[in-house]
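Colleague: Just passing along the structure, written as C-alpha cells.
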Amino acid sequence: MDAFAWILVATLTSSVLSMIGAVSLSLKPKTLEKLLGLLVAFSAGSLLGGAFLHLLGESLELMSFDEAVLILIAGFCLFFIMERFFKWHHCHKTSKCETHPFTYLILVGDGLHNFIDGLIIAASFLVSVPAGFLTTAMVIGHEIPQELGDFGVLIYGGLEKKKAILYNFLSQLTAVLGGIIGFFLSQSGVTIDFLLPFAAGGFI
308 MDAFAWILVA TLTSSVLSMI GAVSLSLKPK TLEKLLGLLV AFSAGSLLGG
358 AFLHLLGESL ELMSFDEAVL ILIAGFCLFF IMERFFKWHH CHKTSKCETH
408 PFTYLILVGD GLHNFIDGLI IAASFLVSVP AGFLTTAMVI GHEIPQELGD
458 FGVLIYGGLE KKKAILYNFL SQLTAVLGGI IGFFLSQSGV TIDFLLPFAA
508 GGFI
C-alpha cells in the first residue's frame with residue numbers, strides 16, 4: 308500500500324480503539340484503578356522510549372541538532388499547556404462529578420490532541436512505513452489508558468453511556484482528519500518534517 312493508505316488505516320485503527328473506553332463500565336472500580344496504573348506505566352515507558360530512541364533520532368537525520376531540540380521544547384511546552392488547560396478538571400471520585408460543562412471540554416481537548424496525533428502519524432509514514440508503524444503503536448499505547456479514564460469521566464459528568472461512546476468516537480475521528488491534512492500538506496510541498504521533534508516533545 309502507498310503512504311496515504313497506511314495513514315488512513317493507522318488513524319482509523321486508532322479511532323476504533325477509542326471504543327475500548329466502554330470496557331471500563333464492566334470493571335469494578337478497584338480493578339479499573341489497578342489496570343489504569345499498569346497501562347499508564349506502560350504508556351509512559353513507550354512514549355519516552357519512542358521520543359528519545361525513534362522520533363528524535365529520525366529528526367536529526369532531517370535537520371540540525373539545535374533545530375530539533377528547539378522544536379522538541381516547543382512541542383513539550385504546547386502539550387504541557389494543553390494538558391493543564393483541558394485536563395485539570397478530571398474528576399477522580401466514584402460519585403457523579405458536578406462539573407457537567409467540563410465533560411464537553413474533555414471532548415474538545417481530546418479532539419485537538421487526536422488531530423495533532425493524526426498529523427504526527429502522517430509525518431511518520433511519509434518518512435518510512437516502519438517509522439509510521441512505530442509512531443502509530445506509541446499513539447495507540449497512550450490512547451488506551453487515556454480513553455479508559457476519559458470515558459469514565461464522561462459518564463460521571465452526566466453523559467448517557469451511548470452518548471459518551473458516540474461523542475468519544477467522533478472526537479477520536481479528528482485523528483483521521485489530521486492524517487489526511489498532513490498527507491496533502493506534504494504533497495503540496497509544505498514540509499511537515501518539524502512534526503517529528505514536535506511529537507517527541509509532546510510524547511515526553
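If you read the sequence shown in this note's numbering, its first letter stands for residue 308, the second for the next number, and so on. Cβ atoms here follow ideal geometry from the backbone N, Cα and C, with glycine treated the same way.
What number of angstroms, rounded off, separates the C-alpha of A351 from the C-alpha of H449?
Modeller: Their Cα atoms are separated by approximately 8 Å.
Colleague: Nearest to I511 by alpha carbon, out of T443, F458 and I380?
Modeller: Nearest option by C-alpha distance: I380.
Colleague: Hey, quick one: how far does the alpha helix (DSSP H) through L369 stretch, first residue to last?
Modeller: Residues L363 to L369.
Colleague: To the nearest angstrom, how far is it from the Cα of H399 to the Cα of A310?
Modeller: Here the model assigns H399 a pLDDT of 48, short of 50, so the residue's position is not dependable and the matter cannot be decided.
Colleague: Hey, A444 and I499 are a contact pair by Cβ (cut 8 Å); roughly how many whole angstroms apart?
Modeller: A444 to I499, Cβ: 20 Å. No contact.
Colleague: What is the DSSP secondary structure of L502, counted as helix, strand or coil?
Modeller: L502 falls in the helix class under three-state DSSP.
Colleague: For A348, does the count of other Cβ atoms within 10 angstroms reach 16, so buried, or fall short, so exposed?
Modeller: Per the 10 Å Cβ criterion, exposed.
Colleague: Can you give me the C-alpha to C-alpha distance between N421 and T318, rounded to a whole angstrom?
Modeller: Cα-Cα distance, rounded: 9 Å.
Colleague: Within 10 angstroms of the Cβ of G496, are there 16 or more other Cβ atoms? Answer buried if so, exposed if not.
Modeller: Label assigned to G496: exposed.
Colleague: Using a Cβ-Cβ cutoff of less than 6 Å, which residues in the same chain neighbour F505 once the five nearest sequence positions on both sides are dropped?
Modeller: Closer than 6 Å at Cβ, skipping near neighbours: I378 and G382.
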